[in-house]
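Participant: What follows is a single structure, and I will ask about it in a moment.
Number of protein chains: 2
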Amino acid sequence: MKISELSRSSGVSLPTVKYYLREGLLPPGRAMGRNQAEYGDAHLRRLRLIRALIDVGNLSVAGVRQVLQAVDDGGLQGHDLLGTAHEAIAGTPRADRGTAGWQAARDEAARIVADRGWRVHDRAPALDQLADAIAALRELGQEDMLAMVDGYAEATERLAVQEVGLVLARGDRAAMVEGVVTGTVLGEAVLTALRRLAQEHTSAGLTEPG
Amino acid sequence: MKISELSRSSGVSLPTVKYYLREGLLPPGRAMGRNQAEYGDAHLRRLRLIRALIDVGNLSVAGVRQVLQAVDDGGLQGHDLLGTAHEAIAGTPRADRGTAGWQAARDEAARIVADRGWRVHDRAPALDQLADAIAALRELGQEDMLAMVDGYAEATERLAVQEVGLVLARGDRAAMVEGVVTGTVLGEAVLTALRRLAQEHTSAGLTEPG
DNA sequence: GATAGTGGATAGTGATGCTATCCACTATGC
DNA sequence: GCATAGTGGATAGCATCACTATCCACTATC
Numbered sequence: 026m027k028i029s030e031l032s033r034s035s036g037v038s039l040p041t042v043k044y045y046l047r048e049g050l051l052p053p054g055r056a057m058g059r060n061q062a063e064y065g066d067a068h069l070r071r072l073r074l075i076r077a078l079i080d081v082g083n084l085s086v087a088g089v090r091q092v093l094q095a096v097d098d099g100g101l102q103g104h105d106l107l108g109t110a111h112e113a114i115a116g117t118p119r120a121d122r123g124t125a126g127w128q129a130a131r132d133e134a135a136r137i138v139a140d141r142g143w144r145v146h147d148r149a150p151a152l153d154q155l156a157d158a159i160a161a162l163r164e165l166g167q168e169d170m171l172a173m174v175d176g177y178a179e180a181t182e183r184l185a186v187q188e189v190g191l192v193l194a195r196g197d198r199a200a201m202v203e204g205v206v207t208g209t210v211l212g213e214a215v216l217t218a219l220r221r222l223a224q225e226h227t228s229a230g231l232t233e234p235g
Numbered sequence: 026m027k028i029s030e031l032s033r034s035s036g037v038s039l040p041t042v043k044y045y046l047r048e049g050l051l052p053p054g055r056a057m058g059r060n061q062a063e064y065g066d067a068h069l070r071r072l073r074l075i076r077a078l079i080d081v082g083n084l085s086v087a088g089v090r091q092v093l094q095a096v097d098d099g100g101l102q103g104h105d106l107l108g109t110a111h112e113a114i115a116g117t118p119r120a121d122r123g124t125a126g127w128q129a130a131r132d133e134a135a136r137i138v139a140d141r142g143w144r145v146h147d148r149a150p151a152l153d154q155l156a157d158a159i160a161a162l163r164e165l166g167q168e169d170m171l172a173m174v175d176g177y178a179e180a181t182e183r184l185a186v187q188e189v190g191l192v193l194a195r196g197d198r199a200a201m202v203e204g205v206v207t208g209t210v211l212g213e214a215v216l217t218a219l220r221r222l223a224q225e226h227t228s229a230g231l232t233e234p235g
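Those sequence lines, one after another, are chains A and B. First residue of the first sequence: 26, per the working numbering; consecutive thereafter. First residue of the second sequence: 26, per the working numbering; consecutive thereafter.
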């Protein structure tokens, strides 16, 4: 497959394909001459994955690169890969990390996790993100919302068992790796979309006469 | 309170406060003279809300403006406000909407919702987002992940009842409005952070010997 | 009366994610 | 065998976004 065909069959514009090649998101094709290279099905798949991570998962190009490097790192096991994926989707940290209010929220986050008996790395980016959200809720005087935390934790724990089981069920490593990435990023997109729909339905039912 | 004090006590730089004023995110202060205005507690609260939506909720400035306009629109009831919030956080749509694969995914999304008996507006942005994610999963050959959809829907439905109940429990309209916005946006941040932590815990437990 | 600060306007900045153009060269179709 | 379309590679340009900086005439405050 030539680069133009790769572009056509993926729906990604040719300059953009070249851009991804430059940025190292897409591995170079097999060189067939000075100015000719052959791209395969793996490239097409990879290109689709890139677009999904960017469009659906809202990852930055840099985040995608990080994820893909982890995917390509044959030495990485499932669990470490998950950590890398989480780091890549973490995004820019809030400015107020380090203030007293944030530290308190961070402690609260650690306590929530500990109370559940969850064993997570204490430098997990998600802990900081949880602290960000808790700090913001407190700062805004919306602490009553924190009553939801238990429900969220309970639900996500149950779901995580299914999710991890699903990925492990695949058996071979390559498929598991892809499963971790897509499960983490696209699964999140599915979950939040469903959450919004559920909210809409429930809010209509509880606040309207019909 | 003068603008400099507003800046200082919110932690937002003065040029940025001016920028938010220009952009209409922050209402102008009460003019006390040609070049002097008075800002109150409401401005401080609003500024904190803006930062939370931007930093924690990953909203764009335009999205924040949309949300805040809805918040300030006294005529909007709880349910419509929720819709507006969902529109504001929707972001840029995927390019491939309209392809056959996407349409199929969109139909699937509609069916999932219908099977649950959820009554949602059929132009809800979350339906398109769900379709985006489903289409991406199918395109990548990760359809086995769709087995999670039931679990997600079940969980989010249960949570939505609690969430909506929590907001309704507030009684007065202004507090409910703030609750909808923070519950939607910051609640999502809390949920996804917890999801990642739960995954990490579960993955460690199921894939490692310890 | 000096000075620091104000609201308002306008311009500049850095990052990001492409997009466009140019180049020397080559596969391909006639 | 030769025109032409396409190639890999390099470099430059562009639009958007979220600020950030500067300037201004003016005024509150010490």
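Where a beta carbon is used, it is the ideal one built from N, C-alpha and C, also for glycine.
#1: Give the single residue among A:Gly65, A:Gln61, A:Arg55 whose Cα lies nearest to the Cα of serine 34 of chain A.
#2: Leaving out five residues on either side along the sequence, give the residues of the same chain with a beta carbon under 8 Å from the beta carbon of valine 192 of chain B.
#3: Should aspartate 105 of chain B be flagged as near chain A, meaning a C-beta pair shorter than 7 Å?
#4: Determine contact between the segment 132-142 of chain A and the segment 173-192 of chain A, defined as no fewer than three beta-carbon pairs at a distance below 8 Å.
#5: What residues are listed by DSSP as bridge partners for histidine 61 of chain B?
#6: In or out: glycine 82 of chain A buried (at least 16 other Cβ within 10 Å) or exposed?
#7: What's the C-alpha gap between glutamine 224 of chain A and histidine 111 of chain B?
#8: Counting only beta-carbon atoms, is methionine 170 of chain A nearer than 7 Å to chain B?
#9: One question on the structure: do isoleucine 75 of chain B and leucine 107 of chain B come within less than 7 Å of each other, judged by their Cβ atoms?
#10: Since I believe leucine 31 of chain B is in contact with leucine 78 of chain B (beta carbons under 8 Å), could you give me their beta-carbon distance rounded to a whole number of angstroms?
#11: So with CB distances below 8 Å, who are the chain B contacts of glutamate 182 of chain A?
#12: Secondary structure at aspartate 182 of chain A, three-state DSSP: helix, strand or coil?
#13: Quick check: what's the CA-CA separation for aspartate 197 of chain B versus proline 150 of chain A?
#14: Along the segment 144-168 of chain B, what residues have a CB closer than 9 Å to any CB found in chain A?
#15: Do you know whose CA, among A:His68, A:Lys27, A:Val86, lies nearest methionine 57 of chain A's CA?
#16: At a cut of 8 Å, does the segment 89-102 of chain B reach the segment 117-126 of chain B through at least three beta carbon pairs?
#17: Helix, strand or coil for proline 52 of chain A, going by three-state DSSP, please let me know.
#18: From this set, B:Ala115, B:Val86, B:Asp98, which residue's C-alpha is nearest valine 157 of chain B's C-alpha?
#19: Cβ atoms of leucine 162 of chain B and leucine 46 of chain A: under 7 Å apart, would you say?
#20: Sort B:Val215, B:Trp143, B:Asn60 by Cα distance to alanine 172 of chain A and report the nearest one.
#21: Could you say which of B:His226, B:Ile159, B:Arg183 lies nearest to valine 189 of chain A if we only look at CA atoms?
#22: I'd like to check one pair, alanine 134 of chain A with leucine 155 of chain A: are the Cβ atoms closer than 7 Å?
#23: Entirely within the segment 88-160 of chain B and at least 4 residues each: give me those alpha helix (DSSP H) ranges in chain order.
#24: For glycine 235 of chain B, which residues in the same chain have their Cβ closer than 6 Å to its Cβ, ignoring the five residues on either side in sequence?
#25: Any C-beta of chain B sitting closer than 7 Å to the C-beta of arginine 122 of chain A?
#26: Rounded to whole angstroms, what's the CA-CA distance from histidine 68 of chain A to leucine 84 of chain A? Just pull it up for me.
#27: Is tryptophan 143 of chain A closer than 7 Å to leucine 231 of chain B when the C-beta atoms are compared?
#28: For the segment 79-99 of chain A, enumerate the residues whose C-beta is nearer than 9 Å to any C-beta of chain B, in chain order.
#29: Closer than 6 Å: is that where the CB of glycine 123 of chain B sits relative to any heavy atom of the ligand ATP?
#30: Please confirm whether glycine 176 of chain B has its beta-carbon closer than 7 Å to some beta-carbon of chain A.
#31: Rounded to whole angstroms, what is the Cα-Cα separation between glutamine 187 of chain A and alanine 194 of chain A?
#32: Give the secondary structure of serine 38 of chain B by DSSP, where H, G and I count as helix, E and B as strand, and everything else as coil.
#33: Between the C-alpha atoms of valine 86 of chain A and proline 40 of chain A, what's the straight-line distance to the nearest angstrom?
#34: Name, going along the chain, the residues of the segment 38-68 of chain A whose beta-carbon falls closer than 7 Å to a beta-carbon of chain B.
Facilitator: Considering the structure as presented:
#1: Taking the first sequence and counting its residues from 1, one reaches residue 34 of chain A at position 9. For the residues A:Gly65, A:Gln61, A:Arg55, the minimum Cα distance to serine 34 of chain A belongs to A:Gly65.
#2: For the purposes of this step, residue 192 of chain B is taken as the residue at position 167 of the second sequence. Counting only Cβ-Cβ distances below 8 Å, and skipping sequence neighbours, we find Gly103, Met201, Gly204, Val205, Gly208.
#3: Taking the first residue of the second sequence as 1, we reach residue 105 of chain B at position 80. No, its Cβ sits nowhere closer than 7 Å to a Cβ of chain A.
#4: A contact exists between the segment 132-142 of chain A and the segment 173-192 of chain A.
#5: Along the second sequence, one-based indexing puts residue 61 of chain B at 36. It should be noted that the sequence gives glutamine, not histidine, for residue 61 of chain B. In the DSSP secondary-structure assignment, glutamine 61 of chain B is bridged to B:Gly58.
#6: Stepping through the first sequence from its first residue, residue 82 of chain A is reached at position 57. Buried, by the Cβ-count rule.
#7: Here residue 224 of chain A corresponds to residue number 199 of the first sequence, with the count starting at 1. Here residue 111 of chain B corresponds to residue number 86 of the second sequence, with the count starting at 1. Glutamine 224 of chain A and histidine 111 of chain B have their C-alpha atoms some 10 Å from each other.
#8: The residue labelled residue 170 of chain A in the question sits at position 145 within the first sequence. Closer than 7 Å to some Cβ of chain B, the Cβ of methionine 170 of chain A qualifies, so yes.
#9: For the purposes of this step, residue 75 of chain B is identified with residue 50 of the second sequence, where counting begins at 1. For the purposes of this step, residue 107 of chain B is identified with residue 82 of the second sequence, where counting begins at 1. In this structure, leucine 107 of chain B does not lie closer than 7 Å to isoleucine 75 of chain B by Cβ.
#10: The residue given as residue 78 of chain B occupies position 53 in the second sequence. The residue given as residue 31 of chain B occupies position 6 in the second sequence. No, leucine 78 of chain B and leucine 31 of chain B are not in contact; Cβ-Cβ is about 18 Å, not under 8 Å.
#11: Position 157 of the first sequence, counted from the first residue, corresponds to residue 182 of chain A. Correct list: Ala223, His226, Thr227.
#12: As a first step, residue 182 of chain A must be located in the first sequence, where it is residue number 157. Inspection of the sequence shows that residue 182 of chain A is occupied by glutamate rather than by aspartate. DSSP places glutamate 182 of chain A within a helical segment (H, G or I) once states are collapsed to three.
#13: Locating residue 197 of chain B in the second sequence gives position 172, counting from the first residue. Locating residue 150 of chain A in the first sequence gives position 125, counting from the first residue. When rounded, the separation of the alpha-carbon atoms in aspartate 197 of chain B and proline 150 of chain A is 36 Å.
#14: Contact residues of the segment 144-168 of chain B toward chain A are Arg144, Val145, His146, Ala149, Pro150, Ala151, Leu152, Asp153, Gln154, Leu155, Ala156, Asp157, Ala158, Ile159, Ala160, Ala161, Leu162, Glu164, Leu165, Gly166, Gln167 (C-beta to C-beta distance below 9 Å).
#15: Along the first sequence, one-based indexing puts residue 57 of chain A at 32. Closest by alpha carbon: A:Lys27.
#16: No contact exists between the segment 89-102 of chain B and the segment 117-126 of chain B.
#17: In the first sequence, residue 52 of chain A corresponds to position 27, counting from 1. The DSSP-derived three-state label of proline 52 of chain A is coil.
#18: Counting from 1 along the second sequence, the entry for residue 157 of chain B is found at position 132. According to the sequence as given, residue 157 of chain B is aspartate; it is not valine. Checking every option, the nearest Cα to that of aspartate 157 of chain B belongs to B:Ala115.
#19: One-based indexing of the first sequence puts residue 46 of chain A at position 21. One-based indexing of the second sequence puts residue 162 of chain B at position 137. No, the Cβ-Cβ distance between leucine 46 of chain A and leucine 162 of chain B is not below 7 Å.
#20: Numbered from its first residue, the first sequence carries residue 172 of chain A at position 147. Taking each of B:Val215, B:Trp143, B:Asn60 in turn and checking the Cα distance to alanine 172 of chain A, the smallest one comes out for B:Val215.
#21: Taking the first sequence and counting its residues from 1, one reaches residue 189 of chain A at position 164. Sorting B:His226, B:Ile159, B:Arg183 by C-alpha distance to the C-alpha of valine 189 of chain A places B:His226 at the top.
#22: For the purposes of this step, residue 155 of chain A is identified with residue 130 of the first sequence, where counting begins at 1. For the purposes of this step, residue 134 of chain A is identified with residue 109 of the first sequence, where counting begins at 1. Judged by their CB atoms, leucine 155 of chain A and alanine 134 of chain A are nearer to each other than the 7 Å cut-off.
#23: If we require 4 residues or more, the alpha helix (DSSP H) runs fully inside the segment 88-160 of chain B come out as 103-113, 125-141.
#24: Mapped onto the second sequence, residue 235 of chain B falls at position 210. Residue confidence for glycine 235 of chain B is low, a pLDDT of 44 falling below 50, so the modelled location carries little weight; the figure read from the coordinates is stated next. Counting only Cβ-Cβ distances below 6 Å, and skipping sequence neighbours, we find nothing.
#25: In the first sequence, counting from the first residue as 1, residue 122 of chain A sits at position 97. With 7 Å as the cut-off, arginine 122 of chain A does not count as an interface residue toward chain B.
#26: The count along the first sequence starts at 1 and reaches residue 68 of chain A at position 43. The count along the first sequence starts at 1 and reaches residue 84 of chain A at position 59. About 19 Å.
#27: Reading the second sequence from its first residue, position 206 is the one you call residue 231 of chain B. Reading the first sequence from its first residue, position 118 is the one you call residue 143 of chain A. No; because the gap between Cβ atoms is not below 7 Å, this pair is not in contact.
#28: For the segment 79-99 of chain A, which is checked against every Cβ of chain B, the residues closer than 9 Å are Asp80, Val81, Gly82, Asn83.
#29: Of the ligands one can find in the structure shown there are none, so the ligand ATP has no counterpart to examine.
#30: Along the second sequence, read from residue 1 onward, the residue named residue 176 of chain B stands at position 151. Yes, contact with chain A.
#31: Locating residue 187 of chain A in the first sequence gives position 162, where the first residue counts as 1. Locating residue 194 of chain A in the first sequence gives position 169, where the first residue counts as 1. Approximately 10 Å, taken between the alpha carbons.
#32: Position 13 of the second sequence, counting from 1, holds the residue named residue 38 of chain B. In the structure shown, serine 38 of chain B sits in coil (DSSP, three-state: anything other than H, G, I, E or B).
#33: As a first step, residue 86 of chain A must be located in the first sequence, where it is residue number 61. As a first step, residue 40 of chain A must be located in the first sequence, where it is residue number 15. Going from the Cα of valine 86 of chain A to the Cα of proline 40 of chain A covers about 15 Å.
#34: Taking a C-beta cut-off of 7 Å against chain B, none of the residues of the segment 38-68 of chain A qualify.
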